[in-house]
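Enquirer:
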Amino acid sequence: MTATAEAHPARIEIDPEDYVWINGFPTPPVMPRRPLHAVASVFRLVTNKEDTRQVFEIVQALAGDSPKKLFRRFTSTPYGRRVVTEPVNLEEILGDREALRAYPEGSLARAYLAFMEGENLTPEGLRAAAEEAQIDYDAYPEFAEYMRLFMHLQVSHDLWHVLTGYGRDALGELCNLVYTRQQTHNPGFKLIVAIGFLAQKLEQPFQPIQKALAEAKRNALAAEWVLEYDVEELLPLPLSEARARLKIGEPKIYKAVPDEIKRTLLKPKVAETQAERERAARERAALQAS
Numbered sequence: 001m002t003a004t005a006e007a008h009p010a011r012i013e014i015d016p017e018d019y020v021w022i023n024g025f026p027t028p029p030v031m032p033r034r035p036l037h038a039v040a041s042v043f044r045l046v047t048n049k050e051d052t053r054q055v056f057e058i059v060q061a062l063a064g065d066s067p068k069k070l071f072r073r074f075t076s077t078p079y080g081r082r083v084v085t086e087p088v089n090l091e092e093i094l095g096d097r098e099a100l101r102a103y104p105e106g107s108l109a110r111a112y113l114a115f116m117e118g119e120n121l122t123p124e125g126l127r128a129a130a131e132e133a134q135i136d137y138d139a140y141p142e143f144a145e146y147m148r149l150f151m152h153l154q155v156s157h158d159l160w161h162v163l164t165g166y167g168r169d170a171l172g173e174l175c176n177l178v179y180t181r182q183q184t185h186n187p188g189f190k191l192i193v194a195i196g197f198l199a200q201k202l203e204q205p206f207q208p209i210q211k212a213l214a215e216a217k218r219n220a221l222a223a224e225w226v227l228e229y230d231v232e233e234l235l236p237l238p239l240s241e242a243r244a245r246l247k248i249g250e251p252k253i254y255k256a257v258p259d260e261i262k263r264t265l266l267k268p269k270v271a272e273t274q275a276e277r278e279r280a281a282r283e284r285a286a287l288q289a290s
């Protein structure tokens, strides 16, 4: 076993003959879709929207060749190529709170900082959720450029919340995933949105859930492809100017839904995430074995 394999137990050895070369970079072969696994993860997510691990499970299970298409498009842009080759470590840029605090009041950077502090979030938290789903960004150094795109995309999630104007309530998350689906074309997001819509509509049949999602799709289709824009150039801009530059429309229907309704939508029906349940099960097993 190689040192890399020992350090990363989830790693699967891939024959260099199976590499898929895109724009001069090696990428892993396309993995088969696992629709049943995705459906099970969607229902876990619906019962606890904080169980972020399930998002990664679903996206991986249904990805098909969509990540390859995304990587090709991303590395065909000047910024995308710089992100994967320098690399541009967005998790460090957006994780430096003191640097973000130094930007002008009203800037995208300050709005992002306020969002993250208000929600008690960090870029590291998203990476931890990915690791729980056995996504190890360091396991394949031979695919470093390819993995860098998906780390960049993952860290962008909360920044996109700020740019799109959608909160972290269940409806806001769903609308933000509509946007993400249009930006990445990963079918996993479409399944999450479809099941999430049904669950929310059952809870609040008289709220404009479908209209809010339709508005999110219209806004996403009208927007620029955000991934090709240099984040560090956007951070100093007033939030309204950053949105105008990216052609991101205001989510009027979403904002019209009362906050008290949005807060109660899909309130977690279980107390723990899957990772917490698995950890408790391992601890019980260890106690029984001792």
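1 is the number of the first residue of the sequence shown in my numbering; add one for each residue after it.
Even for Gly, the Cβ is constructed at its ideal location relative to N, Cα and C.
From D18 to P28, what distance separates their C-alpha atoms?
Expert: In a straight line, the C-alpha of D18 is about 7 Å away from that of P28.
Enquirer: Where does I12 sit, in a helix, a strand or coil, going by DSSP?
Expert: In the structure shown, I12 sits in coil (DSSP, three-state: anything other than H, G, I, E or B).
Enquirer: Give the DSSP bridge partners of A27, in chain order.
Expert: Note on identity: in this sequence residue 27 is Thr, with Ala being the wrong assignment. Answer by DSSP bridge pairing, in chain order: V20.
Enquirer: Roughly how many angstroms separate the alpha carbons of R97 and S240, rounded to a whole number?
Expert: The straight-line gap from Cα to Cα measures roughly 21 Å.
Enquirer: Would F197 and L221 qualify as a contact pair, given that the criterion is a beta-carbon distance under 8 Å?
Expert: Not in contact: F197 and L221 (Cβ atoms no closer than 8 Å).
Enquirer: Which residue's Cα is closest to the Cα of I58: P205, Q210, P187 and K201?
Expert: Minimum Cα distance to I58 is reached at P187.
Enquirer: Going by alpha carbons, who is nearest to P26 out of G165, V83, E142 and A99?
Expert: For the residues G165, V83, E142 and A99, the minimum Cα distance to P26 belongs to E142.
Enquirer: Going by C-alpha to C-alpha distance, which of A102, K201, R33 and Q154 sits closest to I261?
Expert: Nearest option by C-alpha distance: K201.
Enquirer: R263: buried (16+ other C-beta within 10 angstroms of its C-beta) or exposed?
Expert: Classification for R263: exposed.
Enquirer: If you check the beta carbons only, do V30 and G64 fall under 8 Å apart?
Expert: A contact, by the Cβ cut-off of 8 Å.
Enquirer: If you reduce the DSSP assignment to three classes, tell me which class P251 lands in.
Expert: Note: P251 maps to coil in three-state DSSP.
Enquirer: Closer than 6 Å by C-beta to L62: which residues in its own chain qualify, once you throw out the five before and the five after it? Chain order, please.
Expert: Closer than 6 Å at Cβ, skipping near neighbours: R33, A38, P187 and G188.
Enquirer: Have a look at M147 and L159 and give me their C-alpha separation to the nearest angstrom.
Expert: When rounded, the distance between both Cα atoms is 19 Å.
Enquirer: Among L90, F150, E145 and V231, whose alpha-carbon lies nearest the alpha-carbon of T122?
Expert: Of L90, F150, E145 and V231, the residue nearest in Cα terms is L90.
Enquirer: Could you have a look at A289 and say whether DSSP puts it in helix, strand or coil?
Expert: Note: A289 maps to helix in three-state DSSP.
Enquirer: Leaving out the 5 sequence neighbours to the left and right, which residues in its chain are closer than 7 Å to A223 when beta-carbon positions are compared?
Expert: Cβ neighbours of A223 beyond the five flanking positions: L246, K247 and I248.
Enquirer: For the region 148-195, list the alpha helix (DSSP H) runs that are entirely contained and at least 4 residues long, ordered along the chain.
Expert: Counting only runs of 4 or more, we get 170-184.
Enquirer: Along the chain, where does the alpha helix (DSSP H) containing L213 start, and where does it finish?
Expert: Here the alpha helix (DSSP H) through L213 covers I209 to A222.
Enquirer: So, is P205 buried or exposed, given that buried needs 16 or more other C-beta atoms within 10 angstroms?
Expert: Burial call: exposed.
Enquirer: According to DSSP, is S76 part of a helix, a strand, or is it coil?
Expert: Looking at S76 - three-state DSSP - the assignment turns out to be coil, as it is neither helix nor strand.
Enquirer: Just to confirm before moving on: does the CB-CB distance between L265 and A194 stay below 8 Å?
Expert: Contact: no.
Enquirer: Check each candidate in V155, Y103 and V55 and name the one with the smallest Cα separation from E233.
Expert: E233 has its Cα closest to that of Y103, out of V155, Y103 and V55.
Enquirer: List the DSSP bridge partners of P238.
Expert: Note: P238 sits in a beta bridge opposite S107.
Enquirer: Is DSSP giving K267 helix, strand or coil here?
Expert: Coil at K267, not helix or strand.
Enquirer: Between A109 and the rest of its own chain, which residues show a CB-CB distance below 6 Å, the 5 nearest in sequence each way excluded?
Expert: If we look at A109 and ignore the five residues flanking it on each side, its Cβ neighbours are L100, Y103 and L235.
Enquirer: Restricting to Cα atoms, I'd like to know which of L177, I12 and A244 is closest to A216.
Expert: Checking every option, the nearest Cα to that of A216 belongs to L177.
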